[in-house]
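Numbering (the working numbering), first residue to last: 24 to 123.
Glycine included, every Cβ here is placed at the ideal spot set by N, Cα and C.
What follows is one structure encoded as structure tokens, with my remarks underneath.
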């Protein structure tokens, strides 16, 4: 299983069901520090992680399969980059950050 730090729409089981046809995932609350959160407008407004910052962002670590992660990559579009970081609980996770 692949761990992804989610801080926006993917925390919502209804959205996960729409994107993945599945909303049954292992979820752990966590935070990341040293980032800021901003807004990006695509067709509507969405949250985005900004790598330069000093805020603590609350979210969830959600476990997905490789197949699900590929579907999430498509859902997140090219407006985001996916990278590995450590949460405040020292868990290695993927996170979607703003595409520069």
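- Remark: C-beta atoms of residue 33 and residue 108 do not approach each other more closely than 8 Å.
- Distance from the CA atom of residue 71 to the CA atom of residue 90, rounded to whole angstroms, is 23 Å.
- For residue 59, the uninterrupted beta strand (DSSP E) run begins and ends at 50-64, by DSSP.
- Bounds of any alpha helix (DSSP H) do not take in residue 30, whose DSSP letter is neither H nor E.
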